[in-house]
């Protein structure tokens, strides 16, 4: 593929590609991809802290839509983002996504009405599927021997985000209110645009047909969005409510229809032949389940920490947000440090064995959290064990996908993993709140949760992790990326523009 003057290119000589050594340029490139990827996690924490201010400013009882709008738009767009990245190059799509993300957050910060805030959040949702492209881009622009390490570092950097974001959110919201958090997100997303524009080269195209399966994308994205929406609203509507069942039914029907649409499409938006391969299906499902636990359980632990402690009524710990941020430094450092260590040495070991070991530790950790979470010391010790495993999971999941798909299929694999995390995340969160509601006391319309409910939340995380472990045991030996990707790199270098 011939470089163009408008696309910055990495100067990777064949020797550098074979040696797989880190250079300053590669470090900057990793930062340029990791910053916007993990900004999504930071945005979730900042958004959660901003919701109370939004509700009070606009006197609304529908504040849940502040976060749900972004999630639904992101879920709907993910299939389109995957295909567009393969058709036109991931860098171009990334630039469009970050530009819209910055615009949307700025609009929400300026909004004078709640519905305009939601409109801004909907536009910001275009940025939501960024991770579907960034992890796939690593395989396109890094030397093959560094793909696993770079992917692992990107994944494990979520621990650093979780470490810093609570302090940042508290400072922004306490000083400037919810608008301060939104303005920060707008500025940080604009910085992400600049990093991608300056440092990320255009990636090779992995699809060369000009057709686009708009119907398949709408049906798939719409089906996933309907399921996520129904599971998100099921707790407040009731699981037997006609609205919940209607949205779930519509989502399931849409996903079934999608299978038939793709079979007859000349330009399918997802190559179902790839997803029918057993190693791919197992790796994506196990990776989605495990990362869902790693990302969802810490948020539910915040609920435990911040809910009041009222004997016989509420088993929360009654901490302030600042106190929780200080205490959580311990297990977030464990997660970040473990992820970095695993990322550095992952290519020297069998990825499956490292992955399964991480799942075992995470399952044991959340089992212990379920039993022991009554004070700072108990929560620190048990959560550190859980996050020791979670650090392995977030670093190992991208490498797991790399080992079961080819370079041309990497965008599809990373995108499907993102979609499954969104889907499983909605289901696990709904299950957690159902467990809490089953052992709660309602006072003046507010539900307060007992200790047994919190225990079952963490045991649910352990159970889902065990399911991911059982699936992982059937994943066949993973292929190495070096030879396959080096051969493809040479072929692309000689391909006419």
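Numbering (our numbering), first residue to last: -19 to 477.
Backbone N, C-alpha and C define an ideal beta-carbon position, used for all residues, glycine too.
Remember, predicted model here, so these are calculated numbers, not experimental data.
DSSP places residue 289 within a strand segment (E or B) once states are collapsed to three.
Look at residue 54 here: in three-state DSSP terms it is helix. Scanning its chain for C-beta atoms nearer than 7 angstroms, with the 5 sequence neighbours on each side dropped, one finds around residue 23 the residues 165, in chain order.
Residue range 420 to 423 is occupied by the beta strand (DSSP E) that includes residue 423. In the displayed model, residue 310 falls within a helix according to three-state DSSP. In terms of Cβ geometry, residue 92 and residue 50 do not form a close pair [threshold 8 angstroms].
Less than 8 angstroms divides the Cβ of residue 346 from the Cβ of residue 442. Between residue 25 and residue 323 a beta carbon distance of about 22 angstroms is seen, past the 8 angstroms cut, so the two are scored as non-contacting. Below 8 angstroms, enough C-beta pairs join the stretch 253 to 271 and the stretch 376 to 384 to call them touching: three or more. In the structure shown, the three-state DSSP call for residue 352 is coil. Distance from the CA of residue 208 to the CA of residue 56, rounded to the nearest whole angstrom, comes to 10 angstroms. Shown here for residue 231: same chain residues with a beta carbon closer than 6 angstroms to its own, the five before and five after excluded, namely 203, 206, 207 in chain order.
Rounded to the nearest whole angstrom, the CA to CA distance from residue 136 to residue 18 is 10 angstroms. In the three-state DSSP reduction, residue 428 falls in the strand class (E or B). With respect to the 8 angstroms criterion, residue 417 and residue 427 are classified as neighbours on the basis of their beta carbons. For the stretch 189 to 236, the continuous alpha helix (DSSP H) assignments of 4+ residues that do not extend past its boundaries occur at 194 to 217, in sequence order. Exclusion of the five residues before and after residue 75 leaves 173, 176, 177 as the residues of its chain whose Cβ lies within less than 7 angstroms of its Cβ. If you look at residue 407, you'll find it in the alpha helix (DSSP H) that goes 390 to 417. Separation of the CB atoms of residue 143 and residue 316 is rounded to 6 angstroms, and the pair is thereby assigned contact status at 8 angstroms. The stretch 267 to 277 and the stretch 362 to 379 touch, with no fewer than 3 CB-CB distances between them shorter than 8 angstroms. With contacts defined by Cβ atoms closer than 8 angstroms, residue 250 and residue 59 form a contacting pair.
In the structure shown, residue 295 adopts extended strand secondary structure according to DSSP, grouped into three states. Between residue 116 and residue 70, the C-beta spacing is below 8 angstroms. The three-state secondary structure of residue 2, taken from DSSP, is coil.
Judged by their CB atoms, residue 84 and residue 100 are nearer to each other than the 8 angstroms cut-off. Within the same chain, 16, 107, 110, 169, 170, 172, 173, 176 come within 8 angstroms of residue 78 by CB-CB distance, once the 5 residues on both sides are set aside. Under a 10 Å Cβ-count criterion, residue 405 is classified as buried, with 16 or more other Cβ atoms of the shown protein chains found around its own Cβ. Taking C-beta separations shorter than 6 angstroms and ignoring five residues to either side along the sequence, the partners of residue 10 in its chain run 130, following chain order. No Cβ-Cβ contact shorter than 8 angstroms links residue 298 with residue 291. In this structure, residue 332 sits near residue 458, with a CB-CB distance shorter than 8 angstroms. A direct Cα-to-Cα measurement between residue 451 and residue 37 gives close to 47 angstroms.
A direct Cα-Cα distance of roughly 52 angstroms separates residue 67 from residue 295. Between residue 128 and residue 339, the gap from beta carbon to beta carbon reaches 8 angstroms or more. For the alpha helix (DSSP H) assignment, the uninterrupted runs of no fewer than 4 residues enclosed by the stretch 86 to 121 are, from N- to C-terminal side, 94 to 104, 110 to 121. Here residue 303 carries a helix assignment [DSSP, helix/strand/coil].
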